[in-house]
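One structure is given here, and the rest of the page talks about it.
See the structure below:
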């Protein structure tokens, strides 16, 4: 784990934990056959995970700023190993929920510490990899699980065992890596104080946070739809029951998002948010149109085109929100500030998806999908409005990502 020279090793932990979070998506169809899954059960399992991440972010998100990156990451990876064992051996829905709770608690601790470590090693490239890692991980998890379900035996076991092996390697690497946080004599007292649940946004960053958090919420609300309901929508609207077809939507959306982050890495953060709002509007319009399009071939083409365009919105919006806030944070604030943005992300990921699952029972799956698409567009437009409001002086000007984006160039 060459943390002295590259933030990529730290970002690989974020990739893996996000891959684990999306891995169950292609398996929901298999679970439905074995355990009688419904769309509502799917969103409950999905929502429980998101709530566990939120709780962990609020309690553990700032811990590595005081206790050090290495112990927090080592503990989080150890819990992920246990979670993979629970998921691989789950006999029913309660076991699946228990595994997802463990997974969520570990993820909340890991993403802040890993993101902070990437910024410690290289603030310039760390800001970029912190934007790229979540969509790359989400796409990789969906693709891995779909391949296992479609082509390999033991679909509900093997994918978790593969991820478990990756976590073991990463845990060994973390234990062998140097610490990047200067440890003060009163660090234990500071660490205990940091466990009080709160969103850690320093006063000087609150204006920037208010500008960046809404778009983060909006784009992760989109990811919540593709991670929970999209496979069921593909089956209901197009008659595609294959796990590969169902997970292809999540993979396409997040893979496009990752490419978009790289292409827009030198674009101003405010411009990224505006691009995101436009792309989400167009992408959701195409997706809704596909649900009522006549010929099946045309409907599928529109749906996947809309998914790809929405992926542009995800990538542009997420990095726009990250780069509006995180590069301004001082070294002792990085994990806390990044965790606060992830709070907005996981609120967007979990709450709309759970609400959509409840609505689908009464309104039907496809009408709920149309309502969800409209809600995502409204959220994105509100976020874009918040970004361009006069007086948002904290919003970064065009610069290379990861550079301290304040007047005079000081952190």
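Numbering (this note's numbering), first residue to last: 1 to 411.
Using N, Cα and C, we set each Cβ at its ideal position, and we do this for glycine too.
Alpha helix (DSSP H) runs wholly inside the segment 65 to 128, at least 4 long, in chain order: Along the length of the segment 65 to 128, whole alpha helix (DSSP H) runs at least 4 residues long occupy 69 to 88 and 93 to 121, reported in chain order.
When the Cα atoms are used, what is the spatial distance from residue 104 to residue 380? Distance between the alpha carbons of residue 104 and residue 380: 26 Å.
Out of 267, 261, 300 and 259, state which residue places its alpha-carbon closest to the alpha-carbon of residue 424. Outside the displayed range of the chain (1 to 411) lies residue 424, so it cannot be described from this structure.
Under 8 Å, do residue 49 and residue 100 count as touching if we go by C-beta distance? Yes, the pair counts as a contact, with Cβ atoms nearer than the cut-off.
Do residue 230 and residue 252 have their C-beta atoms within less than 8 Å of each other? Going by C-beta atoms, residue 230 is not nearer than 8 Å to residue 252.
Between the beta-carbon of residue 210 and the beta-carbon of residue 277, is there less than 8 Å? No, Cβ-Cβ distance for residue 210 and residue 277 is not below 8 Å.
Comparing C-alpha positions only, which one of 13, 132 and 31 sits nearest to residue 75? The residue with the shortest Cα to Cα distance from residue 75 is 13.
Helix, strand or coil for residue 37 per DSSP? It is coil, neither helix nor strand.
CA-CA distance, residue 262 and residue 131? Their Cα atoms are separated by approximately 9 Å.
For my contact list, residue 117 and residue 180 are in at a C-beta cut-off of 8 Å; report their separation, rounded to the angstrom. Indeed they touch by this definition, with Cβ atoms about 6 Å apart.
What residue range does the alpha helix (DSSP H) around residue 371 cover? DSSP places residue 371 inside the alpha helix (DSSP H), whose first and last residues are 365 to 388.
Alpha-carbon spacing of residue 422 relative to residue 212, whole angstroms: The chain is shown only over 1 to 411; residue 422 falls outside these bounds and no answer can be derived.
List the endpoints of the continuous alpha helix (DSSP H) containing residue 289. Note, residue 289: alpha helix (DSSP H), 269 to 291.
Tell me which residue opens and which closes the alpha helix (DSSP H) that residue 228 is part of. Unbroken alpha helix (DSSP H) run through residue 228: 206 to 228.
Quick one: Cα of residue 329 to Cα of residue 346, how far? Rounded to the nearest angstrom, the two C-alpha atoms are 21 Å apart.
If we ignore side chains and look at the alpha-carbon of each, how far apart do residue 308 and residue 121 end up? Residue 308 and residue 121: Cα-Cα distance of roughly 33 Å.
Tell me which same chain residues have a C-beta within less than 6 Å of the C-beta of residue 354, skipping the five on either side of it? Within its own chain, the residues whose Cβ lies closer than 6 Å to the Cβ of residue 354, once the five positions on either side in sequence are excluded, are 43 and 47, listed in chain order.
Excluding the five sequence neighbours on either side, which residues of its own chain have a C-beta within less than 7 Å of the C-beta of residue 373, listed in chain order? Counting only Cβ-Cβ distances below 7 Å, and skipping sequence neighbours, we find 284, 287 and 288.
Would you check if there are 3 or more beta carbon pairs closer than 8 Å linking the segment 133 to 152 to the segment 7 to 26? Enough Cβ pairs lie closer than 8 Å, so yes.
Member of 291, 157 and 28 whose CA lies at the smallest distance from the CA of residue 239: When each option's Cα is compared against that of residue 239, the closest is 291.
Nearest-angstrom Cα distance between residue 9 and residue 174? If you take the alpha carbons of residue 9 and residue 174, they lie about 10 Å apart.
Can you list, in chain order, the residues of its chain whose CB lies under 6 Å from that of residue 371, leaving out five sequence neighbours each side? If we look at residue 371 and ignore the five residues flanking it on each side, it has no Cβ neighbours.
Quick check: the Cα distance between residue 125 and residue 34, rounded to an integer number of angstroms? Taking the Cα positions, residue 125 is about 45 Å away from residue 34.
Top-ranked residue by Cα proximity to residue 351, from 325, 164 and 52: Selected option, being the one with the closest Cα: 52.
Assuming the contact rule is C-beta atoms closer than 8 Å, residue 77 and residue 171 should be a hit. Round their C-beta distance to whole Å, please. Contact holds; Cβ gap of about 4 Å.
How big is the Cα-Cα spacing for residue 38 and residue 359? Taking the straight line joining both Cα atoms gives about 13 Å.
Taking its Cβ as the centre, do 16 or more other Cβ atoms sit within 10 Å of residue 281, making it buried, or is it exposed? Residue 281 is buried by the Cβ-count criterion.
Relative to the alpha-carbon of residue 71, which residue among 94, 40 and 109 has its alpha-carbon at the smallest distance? Minimum Cα distance to residue 71 is reached at 109.
C-alpha gap between residue 162 and residue 204, whole angstroms: Distance between residue 162 and residue 204, taken at the CA atoms: about 43 Å.
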